[in-house]
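Residues 1 to 311 in UniProt numbering are what the sequence shown spells out, letter by letter. Structure first, then comments.
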Amino acid sequence: MDRLDDMLAFIKVVDTKSFTAAADRLNLSKSVVSRRIGELENRLGARLLNRTTRKLSLTEVGQAYYERCTRILADLEEAEQAVADLHAAPRGRLRLNAPVSFGILHLAPAVAEFLERYPSVEIDMDLNDRTVDLIDEGYDLAIRIGRLRDSSLIARRLAPARMALCASPAYLKQHGVPETPEDLARHSCLIYTNIPSPDLWQFTVDGEARSIRVSGPIRSNNGDLLREAAISGLGFVMSPTFLCGQALTRGELVAVLHRNVPSELSVNAVYPQNRHLSPKVRVFVDFLVQRLGPRPYWDCTLLDTLPQEAG
């Protein structure tokens, strides 16, 4: 007798609390189900069920065996589904959350290319700069930038998020180029407010972390606005290169203090720790990893001058 069939019969008897109902579910006769349970108990050398004329209940050994059996059958079902999904075409709605600027600049063109490859997938993309609750708010996936908080989510690194301290050529000509992070105290700095302690900019000096208090004429929770303010000559901006890379390439901004700007941040895809990852999420994350990678296109002309992450 197949052991998995015996396990399944046992689970159905426990779940339905009836040999008759279990037999109906399995499309077997009651006598066959009863015989399977009896043979199972004989093989294990232990009684699994307490039987009376009115009621079935698990013995202590039966309870432990039931829990193990349900896990084994769930793992088997998951393994079979995973193999089936490898051959299944991704389809259905993919609900995605991402930061506003990154979504507009980099996800929008990526999504267009992705949908050409996978026309049976629909993308429902919400852009905002808050940390959403993926499970409570029903998202399949989120793009998060920076250091990730400890959580039960799975994170996959899509690309480095290198930082650059930038100002316009006109500003540097008028006010000079800072030689150390401490020199920023006498400069105008454009402050991004959607982070903890926005007035304290982080640097590395002689291998040690250092915080420098800055101030300036504009504060905003939007990085695009601050980049444009820097291009207009209003001061320094500390910006990820996915936001300022094009302006640096065109010469609208100049990056300074390369060696002092930390560069350990990442662009990450995060998703819930489901036992089984849907094909649409899996192929979308794989697509982004391939499209971005350790040398993303927005950094292609900057890697000789900007610090790179090890590994």
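Just so you know, even glycine gets a beta-carbon here, dropped at the ideal spot from N, CA and C.
DSSP three-state label for residue i, please.
i: P240; result: strand
i: G103; result: helix
i: L165; result: strand
i: L277; result: coil
i: A247; result: helix
i: Y297; result: helix
i: S211; result: strand
i: L26; result: helix
i: L234; result: coil
i: R227; result: helix
i: R291; result: helix
i: L134; result: coil
i: S31; result: helix
i: V285; result: helix
i: V205; result: strand
i: V261; result: coil
i: D5; result: helix
i: G45; result: coil
i: K12; result: helix
Using CA coordinates, which residue listed in the options is at the minimum distance from residue i?
i: Q246; options: V285, L200, A164, R219; result: A164
i: Y118; options: P279, V32, V289, L292; result: P279
i: G45; options: G62, E182, I195; result: G62
i: L141; options: T53, L107, V13; result: L107
i: Q202; options: P181, N128, V14, S220; result: P181
i: F287; options: L134, R157, I195; result: R157
i: F102; options: E116, N128, E80; result: N128
i: E113; options: D299, V283, P294; result: V283
i: L184; options: V256, L148, A229, I154; result: V256
i: D15; options: Q174, R291, H175, K55; result: K55
i: I143; options: N268, N27, K17, A229; result: N268
i: C189; options: L58, E179, L226, A209; result: L226
i: Q273; options: I218, A64, L153; result: L153
Suppose you measure from the CA of residue i to the CA of residue j; what does that come to, to the nearest Å?
i: D5; j: I104; result: 53 Å
i: E77; j: R71; result: 10 Å
i: A310; j: I123; result: With a pLDDT of only 38 at A310, under the threshold of 50, the placement of this residue in the model should not be trusted; the figure read from the coordinates follows. Answer to the nearest angstrom: the Cα atoms are 34 Å apart.
i: V205; j: N260; result: 6 Å
i: F19; j: Y139; result: 42 Å
i: L265; j: G146; result: 5 Å
i: E80; j: V121; result: 23 Å
i: L94; j: K12; result: 35 Å
i: T52; j: D2; result: 27 Å
i: I231; j: A170; result: 9 Å
i: L200; j: I212; result: 5 Å
i: D24; j: N194; result: 60 Å
i: S220; j: P99; result: 15 Å
i: L40; j: I135; result: 40 Å
i: P109; j: G207; result: 38 Å
i: F236; j: P294; result: 27 Å
i: D224; j: M7; result: 60 Å
i: D299; j: P160; result: 10 Å
i: R291; j: L115; result: 14 Å
i: Q308; j: P262; result: Residue confidence for Q308 is low, a pLDDT of 49 falling below 50, so the modelled location carries little weight; the figure read from the coordinates is stated next. Near 9 Å, if we compare the C-alpha coordinates of P262 and Q308.
i: L277; j: A155; result: 13 Å
Based on the DSSP secondary-structure assignment, which residues constitute the bridge partners of residue i?
i: N268; result: R144, R157
i: A255; result: C166
i: D126; result: N97
i: R219; result: I191
i: N50; result: S57
i: V121; result: G92
request  = Would you mind listing the alpha helix (DSSP H) stretches within the stretch 65 to 98 that are 4+ residues and don't spill past its ends, in chain order?
outcome  = Whole alpha helix (DSSP H) segments, 4+ residues: zero.
task = Scan the stretch 146 to 203 and note each continuous beta strand (DSSP E) run of 3 residues or more that stays entirely inside, going in chain order.
result = You should have 154 to 160, 163 to 167, 189 to 192.
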